[in-house]
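All residue numbers for the sequence shown refer to our numbering, where the first residue is 2 and numbers rise by one.
Remarks on the structure that follows.
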Amino acid sequence: MNLASEFRSFGWPSRLLMVNQFGINLGFYMLMPYLAGYLAGPLGLAAWAVGLVLGVRNFSQQGMFIIGGTLADRLGYKPLIIAGCLLRTAGFGLLIVADSLPAVLIASAATGFAGALFNPAVRAYLAAEAGTRRVEAFALFNVFYQAGILAGPLVGLALMFIDFRITAAAAAVVFAGLTIAQLFALPQRTAPPAREKTSVLDDWRVVAANRPFLLFAAAMIGSYVLSFQVYLAMPLQARSLFPGNDSVVTALIFVISGLVAVIGQMRITRWFTQRWGSSRSLVIGMVTVSVAFVPMIVLPDDNRAGRIAAAAALLVATAVLAVGSAAVFPFEMDTVVSLANDRLVGTHYGFYNTIVGVGILVGNLVTGTLVQASVRVGAPELLWIMLSLIGFASALALYRLDRKGRLQPAEATVNGANTA
2 MNLASEFRSF
12 GWPSRLLMVN
22 QFGINLGFYM
32 LMPYLAGYLA
42 GPLGLAAWAV
52 GLVLGVRNFS
62 QQGMFIIGGT
72 LADRLGYKPL
82 IIAGCLLRTA
92 GFGLLIVADS
102 LPAVLIASAA
112 TGFAGALFNP
122 AVRAYLAAEA
132 GTRRVEAFAL
142 FNVFYQAGIL
152 AGPLVGLALM
162 FIDFRITAAA
172 AAVVFAGLTI
182 AQLFALPQRT
192 APPAREKTSV
202 LDDWRVVAAN
212 RPFLLFAAAM
222 IGSYVLSFQV
232 YLAMPLQARS
242 LFPGNDSVVT
252 ALIFVISGLV
262 AVIGQMRITR
272 WFTQRWGSSR
282 SLVIGMVTVS
292 VAFVPMIVLP
302 DDNRAGRIAA
312 AAALLVATAV
322 LAVGSAAVFP
332 FEMDTVVSLA
342 NDRLVGTHYG
352 FYNTIVGVGI
362 LVGNLVTGTL
372 VQASVRVGAP
382 ELLWIMLSLI
392 GFASALALYR
402 LDRKGRLQPA
412 EATVNGANTA
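Right, here's the structure in full:
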């Protein structure tokens with residue numbers, strides 16, 4: 002089945018959510034890769050202020066996922082998706098006229114919180130709509146997700162030749178269009194009703210008491226830390242290989258990552274499903290992510306085989322990392338729903354994103370420290386060895402959870418004994 006046939010095989014709400022996610026990433030990545038340069042350049046903000054703005058945007062999204070997921074379960078998925086798109090429209094619109102640090106901070110906080118509102122709702126809605134085809138649905142969802150990441154920076158780059166404010170305006174228009182589309186075309190969908198009325202704290206206690214879910218989220222932190230290196234360690238490697246001329250190699254990193262998902266996602270998912278099923282696919286996919294850095298361990302700089310060979314190792318690592326990430330994602334999303342027992346799915350996604358978000362923050366601090374340490378001791382391969390070890394530790398944790406049956410909902414919970 003080709004991609005178009007696969008897409009048509011899903012219902013209208015699922016298809017709309019997939020296209021919606023492409024639009025979300027298109028609009029977001031049109032603007033965000035160029036925000037730091039605009040703040041430090043035309044707006045003339047100090048480096049600490051630029052860091053503050055980006056930090057506020059990240060925290061207002063990652064730190065607020067719990068709120069967004071909880072609201073999605075209580076108010077319905079559609080209102081949260083619309084509210085998130087509308088708020089991001091306003092945030093990007095404010096960036097058009099913002100010329101002071103307070104205004105930029107408000108705009109950044111709005112765009113971040115918008116993501117916290119619609120991300121858990123979109124995933125919970127898609128999981129509910131797809132039913133038994135959740136793995137296929139999330140695989141196809143990732144195709145649209147990655148296509149948006151691939152197209153967004155290219156469209157934004159073209160618009161940046163005119164002006165940053167034009168780019169911000171175009172991104173705002175994209176989200177305004179998404180808001181209207183979801184408002185009129187997306188059917189209402191709510192979480193399954195609880196057996197009794199509960200408070201927000203009661204819902205949070207249910208999630209916090211779901212030990213298999215929390216262990217799974219902790220085990221998956223390594224996957225996110227490693228996948229994030231396409232934004233951190235790998236561009237830094239390109240810069241070290243081609244000082245002052247790294248933009249082409251950096252662009253290739255993102256192009257390869259996007260193309261692997263867009264072209265290969267459905268084939269990768271089918272191949273893994275047919276051979277290993279959900280739980281084992283998570284483990285093997287995580288192992289694939291871990292071995293992605295082996296070419297960088299072998300050729301960590303241009304001293305061993307030259308600059309071109311080191312750049313080739315970087316791009317091969319990027320491709321393998323993309324394959325591993327594509328293998329993991331649909332089974333990961335499906336496992337979150339399974340461990341939630343189809344209850345409070347939005348809240349579980351909110352908790353999950355917050356847990357891995359904190360892990361990414363800590364992981365980036367560790368990665369930055371390792372970059373400096375590896376240079377200081379003259380062992381550039383040290384960074385890539387440590388990243389691989391983090392990945393193998395996550396794979397081992399997932400393997401142990403699978404062996405103990407922790408990647409499947411407990412029988413008692415399935416039968417309703419533990420429902421609140």
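Note that the Cβ used here is the ideal one computed from N, Cα and C, for glycine as well.
Computed from a predicted model, the values in this text were never measured in an experiment.
Report the residue ranges of all alpha helix (DSSP H) runs contained in full by the stretch 335-415; include only those spanning at least 4 residues, in chain order.
-> 346-377, 382-404, 412-415
Note down, in chain order, each residue of its chain lying with its Cβ closer than 8 Å to the Cβ of L184, except the 5 sequence neighbours on either side.
-> I83
Check whether the stretch 65-78 touches the stretch 116-124, taking contact to mean three or more Cβ pairs, one atom from each stretch, closer than 8 Å.
-> yes
Per DSSP, what kind of secondary structure is Q266 in: helix, strand or coil?
-> helix
Around the Cβ of D164, are there at least 16 other Cβ atoms within 10 angstroms (buried) or fewer (exposed)?
-> exposed
Which ranges does the beta strand (DSSP E) cover as unbroken runs of at least 3 residues, wholly within the stretch 62-133, from first to last along the chain?
-> none
Are the Cβ atoms of V231 and S258 separated by less than 8 Å?
-> yes
With V20 as the anchor, note down where its alpha helix (DSSP H) starts and where it stops.
-> 13-32
When burial is assigned at 16 or more other CB atoms within 10 Å of the CB, is V363 buried or exposed?
-> exposed
CA-to-CA distance, G12 to F229, given in whole angstroms | 32 Å
Please go through the same chain and pick out, in chain order, the residues whose beta-carbon is closer than 6 Å to the beta-carbon of Y353, but skip the five residues on each side of it.
-> A218, V337
Could you pull the start and end residues of the alpha helix (DSSP H) that A138 belongs to?
-> 135-161
For V250, I'd like the list of residues in its chain whose CB is within less than 8 Å of its CB, leaving aside the five on either flank, ordered along the chain.
-> A239, L242, F243, A312, L315, L316
So what's P43 in DSSP terms, helix, strand or just coil?
-> coil
Leaving out five residues before and five after L96 in sequence, what residues of the same chain have Cβ atoms less than 6 Å from its Cβ?
-> A108, A169
With a CB to CB cut of under 7 Å and the five nearest residues on each side skipped, what residues in its chain are close to A371?
-> In the sequence under discussion, the amino acid at residue 371 is Leu, which differs from the Ala named in the question. Cβ within range, chain order: L383, L384, M387.
State the Cα-Cα distance for the pair I25 and V378, rounded to the nearest angstrom.
-> 42 Å
What residues in its chain sit with their C-beta under 7 Å from that of A152, if we drop five residues either side in the sequence?
-> L27
Determine the direct distance from the alpha carbon of Q266 to that of S6, and round the result to whole angstroms.
-> 15 Å
Short check: CB of Q22 to CB of G178, under 8 Å?
-> no
Measuring alpha carbon to alpha carbon, tell me which of F214, A323, L408, R305 ends up nearest V256.
-> A323
Identify whether D204 lies in helix, strand or coil by the three-state DSSP scheme.
-> helix
In whole angstroms, what is the alpha-carbon distance linking L297 and L76?
-> At residue 297 the sequence reads Met, which differs from the Leu that was named. Answer to the nearest angstrom: the Cα atoms are 47 Å apart.
Between L233 and the rest of its own chain, which residues show a CB-CB distance below 7 Å, the 5 nearest in sequence each way excluded?
-> N365, T368
Sequence-distant residues of the same chain with beta carbon closer than 7 Å to V175, five excluded per side = G24, L27, G28
Where does Q189 sit, in a helix, a strand or coil, going by DSSP?
-> coil
Contacts around I356, its chain only, beta-carbon distance under 6 Å, and the 5 residues preceding and following it disregarded | A218
First through last residue of the alpha helix (DSSP H) which encompasses S10 | No alpha helix (DSSP H) contains S10, which DSSP labels as neither H nor E.
Helix, strand or coil at A306 according to DSSP, with G and I counted as helix = coil
Can you give the Cα-Cα distance for N211 and P381, rounded to whole angstroms?
-> 41 Å
Determine, using beta carbons only, whether G406 and P121 come nearer to each other than 8 Å.
-> no
Which residues in the same chain as L402 place their Cβ atom closer than 7 Å to its Cβ, once the five residues preceding and following it in sequence are excluded?
-> L216, F217, A220, L408
In angstroms with no decimal places, state the Cα-to-Cα distance between N3 and V288.
-> 28 Å
Express the C-alpha separation of V156 and A73 in angstroms, rounding to a whole number.
-> 31 Å
Sequence-distant residues of its chain with Cβ nearer than 7 Å to V54 (five each side left out) | L40, V105, L106, S109
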